Amino acid sequence: EPFEYSFMDQNFDRLFRSEQRMGQLFSVFSGLAILIACLGLFALAAFTAEQRTKEMGIRKSLCASTVSLNLLMSGEFIRLVIIAFVPAALLGWYVSDTWLTGFVYRIEISPLVFVLSGLTAVVIAWLTVSVQSLKAAAANPVKSLRYE
Numbered sequence: 040e041p042f043e044y045s046f047m048d049q050n051f052d053r054l055f056r057s058e059q060r061m062g063q064l065f066s067v068f069s070g071l072a073i074l075i076a077c078l079g080l081f082a083l084a085a086f087t088a089e090q091r092t093k094e095m096g097i098r099k100s101l102c103a104s105t106v107s108l109n110l111l112m113s114g115e116f117i118r119l120v121i122i123a124f125v126p127a128a129l130l131g132w133y134v135s136d137t138w139l140t141g142f143v144y145r146i147e148i149s150p151l152v153f154v155l156s157g158l159t160a161v162v163i164a165w166l167t168v169s170v171q172s173l174k175a176a177a178a179n180p181v182k183s184l185r186y187e
């Protein structure tokens with residue numbers, strides 16, 4: 040019987056090909072989910088800014104700064120993102136831990152991964168909401184208060 044040889048890297052590639060495909064799919068769909076979430080957050084921030092036009096006009100006429108108005112509007116959304124992050128992180132840890140139990144050479148999940156993902160979510164939400172809140176804060180207060 041002849042000797043059959045194979046390279047170790049080819050064996051590993053064959054073993055982990057499905058995990059690599061799954062990782063690529065997760066990356067694509069995660070990016071799509073983030074995009075859809077940002078669009079929804081942007082629309083919600085636009086709606087909130089429209090509803091609070093008079094309040095922003097009054098605050099602006101009472102010498103509120105653009106930064107303080109931005110923090111006021113974006114703070115509400117950031118709080119919701121942080122509240123939503125807690126169960127999402129717990130579920131993510133559980134799913135990742137369950138998936139990793141199927142591997143012989145298993146790694147431990149670092150809490151740093153969840154901290155960085157939470158910070159990323161907060162930054163993305165803040166940037167998304169800040170566009171609308173800065174637009175509302177920069178508007179002329181006379182226009183919003185003219186008909187009052």
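Heads up: the sequence shown begins at 40 in this note's numbering, then just goes up one per residue.
Built from N, CA and C at the ideal position, the CB exists for glycine as well.
On a predicted model such as this, the values are computed, not experimentally measured, just so you know.
Does residue i pass the burial test, meaning 16 or more other C-beta atoms within 10 Å, or should it be called exposed?
i, result
"residue 172", "buried"
"residue 123", "exposed"
"residue 167", "buried"
Do residue j and residue i come within 8 angstroms of each other at the CB atom, strictly closer than that value?
i, j, result
"residue 184", "residue 100", "yes"
"residue 121", "residue 165", "no"
"residue 88", "residue 175", "yes"
What residue range is occupied by the uninterrupted alpha helix (DSSP H) comprising residue i?
i, result
"residue 109", "105 to 139"
"residue 153", "150 to 177"
So for residue i, helix, strand or coil by DSSP?
i, result
"residue 56", "helix"
"residue 45", "coil"
"residue 75", "helix"
"residue 97", "helix"
"residue 89", "helix"
"residue 142", "coil"
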